[in-house]
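A.B. asks: As you go down the protein sequences, you meet chains F and Y in turn. So that you can map any letter, position 63 of the first sequence is 625 in our numbering, and since no number is skipped, the others follow by simple counting. So that you can map any letter, position 143 of the second sequence is 705 in our numbering, and since no number is skipped, the others follow by simple counting. Below is a structure I'd like to ask you about.
2 protein chains.
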Amino acid sequence: MPEAPTVRDFTITPAPGGVTAPQGFRSAAVHCGIKAAAGTLDLAIIAADAAVPAAGLFTTNLAQAAPVLVSKRHLSQTGGMARAIVVNSGCANACTGDQGLSDAARMAADLASALSCRPEHVLVASTGVIGVNLKMNKVSPGISGAAAALARGKGSETARAIMTTDPFAKEHAVTVHTARGPFTVGGTAKGSGMIEPNMATMLAFLTTDARVPPALLHRALKESARDTFNAITVDGECSTNDSLFAMASGASGVAIDEDAYPAFVEALLVVSKELALGIVRGGEGATKLVAVHVTDAATSDDARRVARTIANSPLVKTAIHGADPNWGRIVAAAGRSGVQFDVQRTTVRVGDVLLFEHGLPHDDAAPLAEEHLKGTDVRIDVSLGTGGRHEATIWTCDLSAEYVRINGAYRT
Amino acid sequence: MPEAPTVRDFTITPAPGGVTAPQGFRSAAVHCGIKAAAGTLDLAIIAADAAVPAAGLFTTNLAQAAPVLVSKRHLSQTGGMARAIVVNSGCANACTGDQGLSDAARMAADLASALSCRPEHVLVASTGVIGVNLKMNKVSPGISGAAAALARGKGSETARAIMTTDPFAKEHAVTVHTARGPFTVGGTAKGSGMIEPNMATMLAFLTTDARVPPALLHRALKESARDTFNAITVDGECSTNDSLFAMASGASGVAIDEDAYPAFVEALLVVSKELALGIVRGGEGATKLVAVHVTDAATSDDARRVARTIANSPLVKTAIHGADPNWGRIVAAAGRSGVQFDVQRTTVRVGDVLLFEHGLPHDDAAPLAEEHLKGTDVRIDVSLGTGGRHEATIWTCDLSAEYVRINGAYRT
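Following this line, the structure appears as structure tokens:
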């Protein structure tokens, strides 16, 4: 048997569509009545043509919502296979006790019945208000209706159906061109508060028509999430419902083995980064996307921890909102991160503008930095000067009065 | 020699005044020109009649301001003795390099010269913008002028002089009546952003006319700070300048030994708690004081960590601001704190209203909880139900659009 051709050389190009861009997937979205406003999409299905390899990453919060518990159980029962994902917005089905678990299982059973598959081949995700039970008399008919409407080319409806306070829908797809032929990776995601590293109230669904065994799919998902979905923060919160799913239909015929693995991970990274940055850009009240880049740390963990502390600092985030090049707050946040470094060797740049080094400010440069901060894409670079060469980037958004307005009146 | 009478029985009554309520202390406050607005007090002195036992606790931030470094050095050189404290607002003298260190030392030397004492018997504190050098041509004459104006009964001017964005001045004093006679503890403090456990941009000065050896004073200060100044948070930030000083003149003649220690600590606790809660109540943009009380934890550290995570959660703080009894956000914050517990055994109360138990909400009680949240004093009780009996309280404030406004435009 001839070996599969090497795919170390590959190119990645954007592809139209989102979760249904890869072959072998259909989707549908309906308004079933979970959200009050008539016509607002609140339930979606993403389905493969048969049970295919699937992987999931979930919130690290101790308080895990019913759909998270059910989806974990299903992935474990099937050894990483799934036919479809059913997702609703408007109700998180979290902190809903036994009734909630039963409702989440019922969502899977309803869809399994419509697709004639096993219930454990259905994954479930929910987002919305915590502590409220699903109106199953709306949800069940919604699932039947959506299942009957499954089609390709409905990715953007699906992207809209999973939104809560998101200001815009997020979807992306790329095609990878390899010696074995092309394959496609697509996805959609929703934010937009409770976003922090380690899966926040984020739902994201990735699809590919590459042929990937479950274990390799899980490994690739974990690797690509680390520097994308797990490297963003809106407000340092971590929700009860965060879920990231990937399904691989194999419909392209392109097999992913160790040789093709880098190409596959790269495609996952490109799509995941686009979706993750979309979540931050659409963060509640956000007006700017902020990349906090920490270099010259003793370890990767140190770099990540400093970047995360800066990215979650309310004082840094409000200063950025006000276009104030307040490097002092950046230094102070780094200093309280718990990571050891010497402030005298630390440098802080906003955009390309050096604002702090040798323990002293360059205040003459402040007007230049202020110009940079007035844009919508902000970059903060902090070198810890430890002699180590580790680095990390965390993406966040600014903190505006609009965030407070949204979250002070979310339920009322 | 007869033993000192036991002071296990004591009563504590409020006393008028603040830092100069105890005998043996004078203070003065002036406008020297650090702050632009004419007449705004920006420099103060608190002085004993001679060098007396003194203790200090400082920010745990790696980036420590020049006055912090100088005060630590002085306390170490003198073994815990001080004659006076000089403090300015409007400029933090932080991240100011060698010039900053020299300026902080100069402030001590200027005051020492005016009081004819050793420079190392002067403690220095600063608060305000980071990264800007002190205008020493204003500060030095300010110190001379203030030193010449030292008097009793000027505690409230001192309390005003240390304010930055604080909406009101904070001072408090109590007299402790014991079998050995009465002694008094007084103090003043300023907030009001960058407030979190472990000394945030908080300055606080405590005085007493009890006679307390330096080591015992330090121990009592540490013990009382743990449940007061170190148990508050406004925004989870920790500044470069936090300092808490205590000075004991001994002028009352009442000696504090192990027997009298509980009475002394209790008085420190009463004054410190009043000042600490004042800092939270006056937190930037705050409209409510929130007590987060966590019980039935496996360890004290666990209780504190859960309480702190809830108290720093932007989603909890914005919900409280909007009087939304959103217990789901409280459960979610506890769940991401890193502490192990069983959500099924957790109960959440807002005010006295039970909102969550056995993994389920009591939404019928939400209107009652909403009434409680409309007040200015909010209480959140979380029982972790671990079987452990440890507890902790952290005080915080709500998060309002005003916080964003203040911090987005602090320097401009």
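Heads up, the beta-carbon is just placed ideally off N, CA and C, and yes, glycines get one too. The structure displayed is predicted, hence computed values, not measured ones.
(1) For V694 of chain Y, report the span of its alpha helix (DSSP H) as first-last.
(2) According to the neighbour-count rule (16 or more other Cβ atoms, all chains shown, within 10 Å of its Cβ), is V581 of chain F buried or exposed?
(3) Give the straight-line distance between the Cα atoms of V910 of chain F and F620 of chain F, rounded to the nearest whole angstrom.
(4) How long is the line joining the alpha carbons of G884 of chain F and A600 of chain Y, rounded to whole angstroms?
(5) Going by CA-CA distance only, name the one from F:L831, F:V774, F:A829 and F:V796 that's closest to G815 of chain F.
(6) Answer with yes or no whether the minimum CB distance from P729 of chain Y to chain F is below 8 angstroms.
(7) Could you tell me which chain F residues have their CB closer than 7 angstroms to the CB of T880 of chain Y, listed as they occur along the chain?
(8) Is there a C-beta anywhere in chain Y that falls below 8 angstroms from the one on L922 of chain F?
(9) V736 of chain F by DSSP, collapsed to three states: which one?
(10) With G845 of chain F and C959 of chain F assumed to form a contact (beta carbons below 8 angstroms), what rounded beta-carbon distance in angstroms separates them?
(11) Looking at the strands, I want to know which residues DSSP matches up with P615 of chain Y.
(12) Between which two residues does the alpha helix (DSSP H) holding K752 of chain F run?
(13) Find the residues of chain Y that neighbour T573 of chain F, judging by a C-beta separation of less than 8 angstroms, and give them in chain order.
(14) Taking only beta-carbon atoms, is F903 of chain F less than 8 angstroms away from chain Y?
(15) In its own chain, which residues sit with a C-beta less than 6 angstroms from the C-beta of R714 of chain Y, not counting the 5 before and 5 after it?
(16) Under 8 angstroms between the Cβ atoms of G847 of chain F and I968 of chain F?
(17) Which chain F residues are close to H883 of chain Y, counting only those with a beta carbon under 8 angstroms from its beta carbon?
(18) I want to see whether chain F comes within less than 8 angstroms of N655 of chain Y, judged by CB atoms only; does it?
(19) Going along the chain, which residues of the segment 907-932 of chain F sit with their C-beta nearer than 8 angstroms to a C-beta in chain Y?
(20) Anyone know if the C-beta pair for L673 of chain Y and I724 of chain Y falls short of 8 angstroms?
(21) Mapping DSSP to helix, strand and coil, what is R951 of chain Y?
(22) Report all residues from its chain with a CB closer than 7 angstroms to the CB of A931 of chain F; omit the five preceding and five following residues, and keep chain order.
(23) Ordered along the chain, which non-local residues of its own chain (more than five positions away) have a Cβ less than 6 angstroms from that of L663 of chain F?
(24) Please state the DSSP three-state secondary structure of D604 of chain Y.
(25) Tell me the rounded alpha-carbon separation between L922 of chain F and G693 of chain Y.
(26) Is the number of C-beta pairs between the segment 859-877 of chain Y and the segment 939-950 of chain Y that are closer than 8 angstroms three or more?
(27) In chain C, which residues lie with their C-beta within 7 angstroms of the C-beta of V816 of chain F?
(28) May I have the straight-line CA-CA distance separating A577 of chain F from E733 of chain F, to the nearest angstrom?
(29) Could you tell me which chain F residues have their CB closer than 7 angstroms to the CB of S801 of chain Y, listed as they occur along the chain?
(30) Quick one: is N792 of chain Y near chain F, going by C-beta distance under 8 angstroms?
(31) Can V827 of chain F and A777 of chain F be called in contact, C-beta distance under 8 angstroms?
(32) Taking 8 angstroms as the threshold (beta carbon to beta carbon), is A625 of chain F in contact with chain Y?
(33) Find out if the Cβ-Cβ distance for the pair V833 of chain Y, I942 of chain Y is shorter than 8 angstroms.
(34) How should E758 of chain Y be labelled, buried or exposed, when 16 other C-beta atoms within 10 angstroms of its C-beta is the threshold for buried?
(35) Counting only Cβ-Cβ distances shorter than 9 angstroms, please list the residues of the segment 633-664 of chain F near chain Y, keeping chain order.
(36) Could you check what DSSP says for L935 of chain Y in three-state terms: helix, strand or coil?
C.D. replies: In short:
(1) That residue, V694 of chain Y, is in no alpha helix (DSSP H); it is neither H nor E in DSSP.
(2) buried
(3) 34 angstroms
(4) 27 angstroms
(5) F:V774
(6) no
(7) V966, N969 and G970
(8) yes
(9) strand
(10) 4 angstroms
(11) Y:M643
(12) Unbroken run through K752 of chain F is the beta strand (DSSP E), G743 to K752; no alpha helix (DSSP H).
(13) Under the 8 angstroms cutoff, chain Y gives no residues; its nearest Cβ is about 40 angstroms from T573 of chain F.
(14) yes
(15) T582 and R588
(16) yes
(17) V966 and G970
(18) no
(19) F918, H920, G921, L922, P923 and D925
(20) no
(21) coil
(22) P887, V912, G913, V915 and L917
(23) A628
(24) coil
(25) 7 angstroms
(26) yes
(27) No chain C appears in this structure, whose protein chains are F and Y.
(28) 11 angstroms
(29) A894
(30) no
(31) no
(32) yes
(33) no
(34) Confidence in E758 of chain Y is poor, its pLDDT being 42 and thus under 50, which makes the residue's placement too unreliable to answer from.
(35) A654, A656, C657, T658, G659, D660, Q661 and G662
(36) helix
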